[in-house]
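Residue numbering for the sequence shown follows this note's numbering, beginning at 505 and increasing consecutively. Comments concern the structure below.
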Amino acid sequence: FFSSRRRHTRYGTVTGVQTCALPILSGSLFLNQICGLIGQTLDPNDNLNYFANLEDVEARGIEAEAEHRLENGFLARASYAFVEARDSGTGQMLNNAAKHMGKVNLSIPVWREKLFASAEFQGMSSRTTMAGKETGPVGLVNFTLFSRGIVKNLDASLSLYNLLDQDRKSTRLNSSHSS
C-alpha cells in the first residue's frame, strides 16, 4: 500500500520555562519534510479518484503554548501554531492547509479534584480548496466532563463536540500542530 519512497523527517527545537507561581511557557520551531505524501488524484482511464504517494512536502512553522494551574485545581491552557506547508516541487501552498491554528482550554474541578469540567475553543484560519476557492476561518467549541480516580485505576470522560453546530465540511481541524 505504501511506496518505498514515503519518508517523514522532522527537525526542530523546543524550549520551555516554568516557575512556581507563573505559567508554564513552551515553544518550538520546526521543519517537517515528507516524501511521498499520500494524496487523492484522478485516474484518467476511468475518471475515478484514488489515493497514491504523490507529493514531496515541506512544512515550516512555530508553535507556542502556555499553561497555568492554580492551587484550587483550575487549569488554563492556550496554544498557537503558525505553519506554512508547501509542495517541495512547485513551492505552492498545500490545499486545505491552514496557516494559523489555536486552542484555548479551561478546566475546573467539579467534585473533590476527581471530577472536572472542561471547555475548549479550537480555531483555524482560512484554507484554499482543491477548486481554488477560499474557505472562511472556523472555530469549534467542545465540552468534556472527565474523572480521575473516582474508581481506582479508572479514568472516564464524556465529551460533546461542535457545540455551535459548525458545518462539518468547513471545520476539519488538525490538532497535531497544537495541543
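Note that the Cβ used here is the ideal one computed from N, Cα and C, for glycine as well. Values in this document were obtained by computation on a predicted structure and should not be read as measured data.
query: What number of angstroms, rounded off, separates the C-alpha of residue 613 from the C-alpha of residue 578?
result: CA-CA distance, residue 613 to residue 578, rounds to 6 Å.
message: So residue 603 and residue 583 are supposed to be a Cβ contact under 8 Å. How far apart are they, rounded?
response: About 15 Å separates the two Cβ atoms, so there is no contact after all.
- prompt: Considering only residues of the same chain and omitting the five flanking positions on each side of residue 624, which have a CB-CB separation below 6 Å?
  reply: 609 and 646
field: Cβ pair residue 627, residue 606 closer than 7 Å
entry: yes
- prompt: Is residue 594 helix, strand or coil when you go by DSSP?
  reply: The answer is coil: DSSP assigns residue 594 none of H, G, I, E or B.
message: Starting from residue 536, trace the beta strand (DSSP E) in both directions and tell me its first and last residue.
response: 528-546
query: Looking at residue 540 and residue 551, is the spacing between their C-beta atoms short of 7 Å?
result: no
message: If distances are taken between C-alpha atoms only, which option among 590, 596 and 553 comes closest to residue 561?
response: 590
message: Pull the bridge partners of residue 660 from the DSSP assignment, please.
response: For residue 660, which the question treats as bridged, DSSP gives the partners 651.
Beta strand (DSSP E) runs wholly inside the stretch 575-650, at least 3 long, in chain order: 579-591, 604-615 and 619-628
message: Within the continuous beta strand (DSSP E) that includes residue 558, where are the two ends?
response: Looking at the DSSP string, the run of the beta strand (DSSP E) that includes residue 558 is 553-573.
message: Given the structure, does residue 575 come close to the ligand GDP, in the sense that its CB is under 6 Å from one of the ligand's heavy atoms?
response: You won't find the ligand GDP in this model; it holds no ligand whatsoever.
task: Verify whether the separation of the beta carbon atoms of residue 565 and residue 580 is less than 7 Å.
output: no
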